[in-house]
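In the order they appear, the protein sequences are chains A and B.
The number in our numbering is simply the position in the first sequence, starting from 1, with 22 added.
The number in our numbering is simply the position in the second sequence, starting from 1, with 22 added.
Number of protein chains: 2
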Amino acid sequence: MDDRTPGCYAVIFSSQRNDQPGDGYGAAADRMVELAKAQPGFLGIESARGPDGFGITVSYWESEEAIRAWKLHAEHVQARERGRTEWYDFSTTRVARVERAYSSARRGG
Amino acid sequence: MDDRTPGCYAVIFSSQRNDQPGDGYGAAADRMVELAKAQPGFLGIESARGPDGFGITVSYWESEEAIRAWKLHAEHVQARERGRTEWYDFSTTRVARVERAYSSARRGG
Numbered sequence: 023m024d025d026r027t028p029g030c031y032a033v034i035f036s037s038q039r040n041d042q043p044g045d046g047y048g049a050a051a052d053r054m055v056e057l058a059k060a061q062p063g064f065l066g067i068e069s070a071r072g073p074d075g076f077g078i079t080v081s082y083w084e085s086e087e088a089i090r091a092w093k094l095h096a097e098h099v100q101a102r103e104r105g106r107t108e109w110y111d112f113s114t115t116r117v118a119r120v121e122r123a124y125s126s127a128r129r130g131g
Numbered sequence: 023m024d025d026r027t028p029g030c031y032a033v034i035f036s037s038q039r040n041d042q043p044g045d046g047y048g049a050a051a052d053r054m055v056e057l058a059k060a061q062p063g064f065l066g067i068e069s070a071r072g073p074d075g076f077g078i079t080v081s082y083w084e085s086e087e088a089i090r091a092w093k094l095h096a097e098h099v100q101a102r103e104r105g106r107t108e109w110y111d112f113s114t115t116r117v118a119r120v121e122r123a124y125s126s127a128r129r130g131g
């Protein structure tokens, strides 16, 4: 978490998964996370999807160049296309520059 | 969605809800969303929480001033404190400036 400091970039991906994303979805989603983690400039990723199929994934990157390179990765291009046509009813991607961050953790109990 | 354009701000709140957040949690979470929506400068909110209790909420704001005012709202201060001590094992808040956004929607079937 400490690397995702001010000055880094967040890619906020919101998506509504459709009711029947098909067999390949889970494996492809896992593969994208593994692949992202292996890219230069990758800092971290967090993901949550509720029972209604709406999900948010935020990935963190060192620079705009790192985001651009990942966007052009052949396997990622292919997965995005499947996402658009097979898995998601809609999705939005937002690129944002992190200005500041705070954390808190429960101590004790 | 159209208001959350480049130049606006995203507040990315990631949290691990604990196993037994207690009775008040759901109502308080709903209340915070309603209250946020009523604040000046509020543009939108998206939220997802998976079965493991990890969740991401992203709210969008017109300006840093709007974020600051919401942060200081008395009921929000109180809810954050309960979140820290009762509901969440840990949480992180990141404020980021939206640089660009893309959407896609499946057409037809």
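We put the CB at the ideal spot given by N, CA and C, even for glycine.
For residue 27 of chain B, the secondary structure class from DSSP, reduced to helix, strand or coil, is coil.
When DSSP reads this structure, residue 38 of chain A sits in a beta bridge with A:76 and A:112. Counting only residues of its own chain and dropping the five nearest sequence neighbours on each side, residue 99 of chain A has no CB closer than 6 Å to any other CB.
DSSP, read as helix, strand or coil, puts residue 88 of chain A in helix. The residue from A:73, A:71, A:84 and A:55 with its alpha-carbon nearest to that of residue 118 of chain A is A:84.
Beta-bridge analysis with DSSP links residue 122 of chain B to A:117. Taking 9 Å as the threshold, the shortest C-beta distance from residue 44 of chain B to chain A does not fall below it. Within the stretch 108–128 of chain A, contact with chain B at the beta-carbon level (separation under 8 Å) is assigned to 110, 111, 112, 113, 114, 115, 116, 117, 118, 119, 120, 121, 122, 123, 124, 125, 126, 127 and 128.
Nearest C-alpha to residue 29 of chain A among A:52, A:111, A:43 and A:63: A:63.
Identification of chain A residues near residue 71 of chain B by a Cβ-Cβ cut-off of 8 Å yields 70 and 72, ordered along the chain.
By the Cβ-count criterion, residue 120 of chain A is buried, with 16 or more other Cβ atoms from all chains shown falling within 10 Å of its own Cβ. Following the DSSP letters along the chain, one finds residue 71 of chain B in no alpha helix (DSSP H) but inside the beta strand (DSSP E) bounded by residues 64–71. Contact between residue 70 of chain A and residue 77 of chain B holds, since their C-beta atoms are separated by about 5 Å, short of 8 Å. Annotated three-state conformation of residue 127 of chain B is strand, per DSSP. Within the model, the alpha-carbon separation for residue 109 of chain B versus residue 35 of chain B is close to 14 Å.
9 Å or more divides the Cβ of residue 50 of chain A from the Cβ of residue 92 of chain A. When secondary structure is reduced to three states using DSSP, residue 60 of chain A falls in the coil class, being assigned neither helix nor strand.
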